[in-house]
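Asks: Pasting in a structure now, in C-alpha cells, and then I'll have a few things to ask.
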Amino acid sequence: MGSTASSYVSVITATTFAQPSFVEYMQLATLPNANDLIGAVSGAYFAGGMVGAIVTSEATDYLGRRISIFISCLIACIGGALQAGSVNMGMFIAARLLSGLGIGGLFTSIPVYCSEISPPKTRGLIVGLHGIFIALGTVLCNFIGLGFYFVNAGGAQWRPPLAIQCFFLITLGCGIWFLPESPRWLVNKGRHDQALQVLLRLHRDHNDPDHIFAHQEYRQIQEQHEEDENNKATWSQMWTVTSYRRRCFLSILVMFGSQMTAILIASIYNPLLLSGLGYGIVMQLVLTGVWSLVAVVGNTLCAFTVDRLGRVLAFKLGWIFSGIGVIGICASLSIYRITGSRSAGIAGVFFLYWHIFSYAVFVDPTTYIYCAEIYPNNIRGKGMAIAIASYFAVLLLQLTSAPSAYAKLGWKLLIIYFAALVVITPLLWFFLPETKGKSLEEIGLIFGDRNTHINLDAVETTNVENDKEEVNISKVDIQ
Numbered sequence: 090m091g092s093t094a095s096s097y098v099s100v101i102t103a104t105t106f107a108q109p110s111f112v113e114y115m116q117l118a119t120l121p122n123a124n125d126l127i128g129a130v131s132g133a134y135f136a137g138g139m140v141g142a143i144v145t146s147e148a149t150d151y152l153g154r155r156i157s158i159f160i161s162c163l164i165a166c167i168g169g170a171l172q173a174g175s176v177n178m179g180m181f182i183a184a185r186l187l188s189g190l191g192i193g194g195l196f197t198s199i200p201v202y203c204s205e206i207s208p209p210k211t212r213g214l215i216v217g218l219h220g221i222f223i224a225l226g227t228v229l230c231n232f233i234g235l236g237f238y239f240v241n242a243g244g245a246q247w248r249p250p251l252a253i254q255c256f257f258l259i260t261l262g263c264g265i266w267f268l269p270e271s272p273r274w275l276v277n278k279g280r281h282d283q284a285l286q287v288l289l290r291l292h293r294d295h296n297d298p299d300h301i302f303a304h305q306e307y308r309q310i311q312e313q314h315e316e317d318e319n320n321k322a323t324w325s326q327m328w329t330v331t332s333y334r335r336r337c338f339l340s341i342l343v344m345f346g347s348q349m350t351a352i353l354i355a356s357i358y359n360p361l362l363l364s365g366l367g368y369g370i371v372m373q374l375v376l377t378g379v380w381s382l383v384a385v386v387g388n389t390l391c392a393f394t395v396d397r398l399g400r401v402l403a404f405k406l407g408w409i410f411s412g413i414g415v416i417g418i419c420a421s422l423s424i425y426r427i428t429g430s431r432s433a434g435i436a437g438v439f440f441l442y443w444h445i446f447s448y449a450v451f452v453d454p455t456t457y458i459y460c461a462e463i464y465p466n467n468i469r470g471k472g473m474a475i476a477i478a479s480y481f482a483v484l485l486l487q488l489t490s491a492p493s494a495y496a497k498l499g500w501k502l503l504i505i506y507f508a509a510l511v512v513i514t515p516l517l518w519f520f521l522p523e524t525k526g527k528s529l530e531e532i533g534l535i536f537g538d539r540n541t542h543i544n545l546d547a548v549e550t551t552n553v554e555n556d557k558e559e560v561n562i563s564k565v566d567i568q
C-alpha cells in the first residue's frame, strides 16, 4: 500500500496538468510564468523528497520503522488534501512540498522495513513487491486520470484524483500498526524478548517445529548488534569509514544508473514520443495505459526471479536491454520523421514496451532491494537516506533540465542517456558484489565487516534452549 501510494503521489501531477479544467482554473494558459510554475511544482516535490529521505533516516533509527512510516503517511496525506483543495498555484506548490517530505520518508523507510523482516532466501521477492506496487500505483494514476478526463464535474474534475491519494496513505497509516516492528530495530533498542517473538512469528514453519531458524537468526542479530554498538556511525563516518563509503558509492551508482536508462524521459514524454510516431491523442492515452501495465508485469516477474537470478546479473541485463530499447526508440522516431512509415511507428511502440519491460523486469525492484540490503543495521537508515536522496537529486536535475533540452533536441535527448549508460554499465563487472541468498548480517562480510560466525544455511539446535531461557517468550506481546 505504501509503495502504491508513493508512486501514485509521484505521478499524479502528470494527469492533473493534462486536465483542461485544472489549466483553466489555475490560469496556466494565460500566465506569462506558467512554465516556471509547472517546473516549481516538480521542483518542490523532489526537493521535499530529498529532505524527507534524510530526516526519516534519523526517525527510523530513533522512533522505529513503523512510527516513521506512520508519520510519513500523515505528512503526505496533509499534502494530498491541500492539493485537492488548492485555490491557486502557490497553495498547490506548497502542498506538493509537503507531499514530497512524506513520500521521501516512505521511499526510505519501506525498503528498510521490508528487508529487515524478510528471510534471506525470499528477501528479493518481499522487497521486490515494493517495485510491483510502485508500478501498480502508476497504472491506477493513469487510468483514474483518464477516467476523470471524461467526467463533467463543473470544472472540478481534477480534484478527485488528487484526493484519492489520501485513501492509500490513510490505509497504510492505519494498517502499519497491525504489522510487527522490525526485530533488528527491537534488538538495537534492547527489547530482545519482543525481537525473538517477532522472529518466531515471521519464520513460523511446520518443517521447523522447534523454530531453529528463528533462534539462529536471533543469535546472529544479537552478535551483529554487539558489533554495531562498538561501531556507532555518524553522518561524517558514512564517508570516512572505507566500508561505509564503498556502500554509499555503490548505492548512488545503482540509483544513478537506473535513471540513466532514460526511464523518466520515456515516462513523462511518453505521449510526445507516441505523437512523434504518428499516433493521435486517444491512441496516446491507450498506449500509455498499456505501457504502465507492462511495467506491472515486468515488476512482478522481477520479484519472483531476482532471488534466483541475482542482483548484479539483473542490473547487467536490465541496463544493457534498456540501452537496446533506447536505440530502437531513437531509430524508429528518426525513420518515421523522414519517411512517415507505419512500420516505423509500430516498431517505435514495440521498443517503448521493450524498454519499460527491460527496466521493470530487471532494474526497478532490484534497485531498492540492493540498496536496502548492502548496509549493516547500524547505518541502514542513513544509507537508504543517501540512496533515496541521490535518487531524488537525479530526478530533480532531470526535471529542471529536460523540458528545455527536449524542446531543443526532441527524441535525440535519449542519445545522451544512452551514452551515459554505455559509460557506467561496465562498472557493474568490477565494483558490485553479489548479495543474493545471504542474510543481512552475512552480507557485511563482503564489505569487510566482522563475521557473526553463524551460518543460517546450516543451522543446528545448539543453544536454542539457551535462547529460550534467556528470553521468556511466553509472556511477550507481539509488537
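Taking the numbering used here, the leading residue of the sequence shown gets 90, the next gets one more, and so forth. All residues carry an ideal CB built from backbone N, CA and C; glycine is no exception.
Leaving aside the five residues before and after Ser479 along the sequence, list all residues of the same chain whose C-beta is less than 8 Å from its C-beta, in chain order.
Replies: To locate residue 479, count along the sequence shown from 1; it is residue 390. Excluding positions up to five away in sequence, the list reads Ser340, Ile341, Met344 and Phe345.
Asks: So, at 7 Å on beta carbons, what are the nonlocal neighbours of Met178 in its own chain, with the 5 sequence-adjacent residues on each side left out?
Replies: As a first step, residue 178 is located in the sequence shown; it is residue number 89 there, counting from the start. If we look at Met178 and ignore the five residues flanking it on each side, its Cβ neighbours are Met115 and Leu126.
Asks: Starting from Ile513, trace the alpha helix (DSSP H) in both directions and tell me its first and last residue.
Replies: Reading the sequence shown from its first residue, position 424 is the one you call residue 513. That run of the alpha helix (DSSP H) goes Leu502 to Ile513.
Asks: Can you give the Cα-Cα distance for Gln487 and Gly194, rounded to whole angstroms?
Replies: Working through the sequence shown from its first residue, we reach residue 487 at position 398. Working through the sequence shown from its first residue, we reach residue 194 at position 105. Gln487 and Gly194: Cα-Cα distance of roughly 21 Å.
Asks: Buried or exposed: His295, going by 16 or more other Cβ atoms within 10 Å of its Cβ?
Replies: By 1-based counting over the sequence shown, the position of residue 295 is 206. It counts as exposed.
Asks: At the level of alpha carbons, what is the spacing between Lys405 and Ala420?
Replies: Taking the first residue of the sequence shown as position 1, residue 405 is located at position 316. Taking the first residue of the sequence shown as position 1, residue 420 is located at position 331. Those two C-alpha atoms are separated by around 23 Å.
Asks: Would you report the Cα separation of Val201 and Ile532, rounded to the nearest angstrom?
Replies: Here residue 201 refers to the residue found at position 112 of the sequence shown. Here residue 532 refers to the residue found at position 443 of the sequence shown. Those two C-alpha atoms are separated by around 15 Å.
Asks: Give me the Cα-Cα distance between Ile354 and Tyr495, rounded to the nearest whole angstrom.
Replies: In the sequence shown, counting from the first residue as 1, residue 354 sits at position 265. In the sequence shown, counting from the first residue as 1, residue 495 sits at position 406. In a straight line, the C-alpha of Ile354 is about 9 Å away from that of Tyr495.
Asks: Less than 9 Å between the beta carbons of Arg273 and Glu205, yes or no?
Replies: Within the sequence shown, the letter at position 184 stands for residue 273. Within the sequence shown, the letter at position 116 stands for residue 205. In this structure, Glu205 lies closer than 9 Å to Arg273 by Cβ.
Asks: Which same chain residues, not among the five before or five after Ile435, have their C-beta less than 7 Å away from its C-beta?
Replies: Here the question's residue 435 lines up with position 346 in the sequence shown. No residues qualify anywhere along the chain.
Asks: Let me know the secondary structure DSSP gives Thr102 once reduced to three states.
Replies: Here residue 102 is taken as the residue at index 13 of the sequence shown, counted from 1. Three-state result, Thr102: helix.
Asks: Tell me which residues share the same chain as Gly189 and place their Cβ nearer than 7 Å to its Cβ, disregarding the 5 neighbours each side in the sequence.
Replies: In the sequence shown, residue 189 corresponds to position 100, counting from 1. Correct list, in chain order: Ala133, Tyr134, Phe135, Ala136, Gly137, Gly138 and Gly141.
Asks: Measure the C-alpha to C-alpha separation of Arg334 and Ser99 and round it to an integer number of angstroms.
Replies: Locating residue 334 in the sequence shown gives position 245, counting from the first residue. Locating residue 99 in the sequence shown gives position 10, counting from the first residue. Going by the C-alpha atoms only, they are around 29 Å apart.
Asks: Between which residues of its own chain and Gly414 is the CB-CB distance below 6 Å, once the five residues before and five after are set aside?
Replies: Locating residue 414 in the sequence shown gives position 325, counting from the first residue. Answer for Gly414: Phe440, Trp443, His444 and Ser447, listed in chain order.
Asks: Ignore the nearest five residues each way along the sequence and tell me which others in Leu545's own chain have a CB closer than 8 Å to its CB.
Replies: Numbered from its first residue, the sequence shown carries residue 545 at position 456. Its pLDDT being 47, under 50, Leu545 is placed unreliably in this model, and the value from its coordinates should be taken loosely. Hits under 8 Å: Pro209, Phe302, Gln305, Glu306, Gln309, Ser528 and Glu531.
Asks: Here's the rule: buried if 16 or more other CB atoms are within 10 angstroms of the residue's CB, otherwise exposed. What is Asn231?
Replies: Locating residue 231 in the sequence shown gives position 142, where the first residue counts as 1. Buried, because 16 or more other Cβ atoms sit within 10 Å of the Cβ of Asn231.
Asks: Can you check whether the CB of Leu422 is closer than 9 Å to the CB of Gly365?
Replies: What you label residue 365 is simply residue 276 of the sequence shown in a count that begins at 1. What you label residue 422 is simply residue 333 of the sequence shown in a count that begins at 1. Contact: yes.
Asks: Could you tell me whether the Cβ atoms of Ile223 and Cys162 are closer together than 9 Å?
Replies: Stepping through the sequence shown from its first residue, residue 223 is reached at position 134. Stepping through the sequence shown from its first residue, residue 162 is reached at position 73. No, Cβ-Cβ distance for Ile223 and Cys162 is not below 9 Å.
Asks: What would DSSP say about Gly132, mapped onto helix, strand or coil?
Replies: As a first step, residue 132 must be located in the sequence shown, where it is residue number 43. Under the three-state reduction of DSSP, Gly132 is assigned to helix.
Asks: Kindly indicate which three-state DSSP category Asn124 falls into: helix, strand or coil?
Replies: On the sequence shown, position 35 is the one that residue 124 refers to. If DSSP states are grouped into helix, strand and coil, Asn124 belongs with the helices.
Asks: Just how far apart, CA to CA, sit Gly412 and Leu510?
Replies: Numbered from 1 along the sequence shown, position 323 holds the residue referred to as residue 412. Numbered from 1 along the sequence shown, position 421 holds the residue referred to as residue 510. So the two alpha carbons sit approximately 7 Å from each other.
Asks: For Gly537, collect the residues of the same chain with a Cβ closer than 6 Å to its Cβ; drop the 5 residues on either side in sequence, then sort them by chain order.
Replies: As a position in the sequence shown, residue 537 is number 448, starting the count at 1. The residues are Ser332.
Asks: Check whether the region 386-395 touches the region 461-468, counting contact only when three or more Cβ pairs, one atom from each stretch, lie closer than 8 Å.
Replies: no
Asks: Return helix, strand or coil for Thr541, following the three-state DSSP convention.
Replies: Residue mapping note: residue 541 aligns to position 452 of the sequence shown, counting from 1. Because Thr541 sits at a pLDDT of 49, beneath the cut-off of 50, its placement in the model cannot be relied upon, and the following sentence gives the value as read from the coordinates. Here Thr541 sits in coil by DSSP.
Asks: Tell me the DSSP secondary structure of Asp297 in three-state form.
Replies: Position 208 of the sequence shown, counting from 1, holds the residue named residue 297. In this structure, Asp297 counts as coil in the three-state DSSP scheme.
Asks: Hey, how far is the Cα of Ala148 from the Cα of Ser157?
Replies: Numbered from 1 along the sequence shown, position 59 holds the residue referred to as residue 148. Numbered from 1 along the sequence shown, position 68 holds the residue referred to as residue 157. For Ala148 and Ser157, the distance between alpha carbons rounds to 6 Å.
Asks: Could you tell me which whole alpha helix (DSSP H) segments of length 4 or greater appear in the region 424-463?
Replies: 431-447 and 453-462
Asks: Rounded to the nearest angstrom, how far is the Cβ of Ser198 from that of Thr145, given a contact under 8 Å?
Replies: Taking the sequence shown and counting its residues from 1, one reaches residue 198 at position 109. Taking the sequence shown and counting its residues from 1, one reaches residue 145 at position 56. Confirmed, Cβ separation roughly 6 Å.
Asks: Starting from Phe159, follow the alpha helix (DSSP H) in both directions and report where the run begins and ends.
Replies: As a working mapping, residue 159 is identified with position 70 in the sequence shown. Phe159 -> alpha helix (DSSP H) spans Arg154 to Ala173.
Asks: For Leu214, which residues of its own chain have a beta-carbon under 7 Å away from its beta-carbon, when the five flanking residues on both sides are left out?
Replies: Translated into the one-based positions of the sequence shown, residue 214 becomes position 125. Excluding residues within five positions, the ones whose Cβ falls inside 7 Å are Ala392, Phe393 and Asp396.
Asks: When the Cα of Gln246 is compared with those of Phe520, Gln286, Gly234 and Asp150, which residue comes out closest?
Replies: Here residue 246 refers to the residue found at position 157 when the sequence shown is read from its first residue. Cα-wise, what sits closest to Gln246 is Gly234.
Asks: Which term fits Tyr151, buried or exposed, when burial requires 16 or more other beta carbons within 10 angstroms of its beta carbon?
Replies: Sequence index remark: in the sequence shown, residue 151 carries index 62 (1-based). Looking at its Cβ environment, which holds fewer than 16 other Cβ atoms inside 10 Å, Tyr151 is exposed.
Asks: Can you tell me the Cα-Cα spacing of Leu521 and Thr514, whole angstroms?
Replies: Translated into the one-based positions of the sequence shown, residue 521 becomes position 432. Translated into the one-based positions of the sequence shown, residue 514 becomes position 425. When rounded, the distance between both Cα atoms is 11 Å.
Asks: What is the rounded straight-line gap between the Cα of Gln108 and the Cα of Ala173?
Replies: Here residue 108 corresponds to residue number 19 of the sequence shown, with the count starting at 1. Here residue 173 corresponds to residue number 84 of the sequence shown, with the count starting at 1. Distance between the alpha carbons of Gln108 and Ala173 is about 13 Å.
Asks: Between which residues of its own chain and Phe257 is the CB-CB distance below 7 Å, once the five residues before and five after are set aside?
Replies: Locating residue 257 in the sequence shown gives position 168, counting from the first residue. Cβ neighbours of Phe257 beyond the five flanking positions: Met90, Thr93, Ala94 and Tyr97.
Asks: Does DSSP put Asn319 in a helix, in a strand, or in coil?
Replies: Sequence index remark: in the sequence shown, residue 319 carries index 230 (1-based). The answer is coil: DSSP assigns Asn319 none of H, G, I, E or B.
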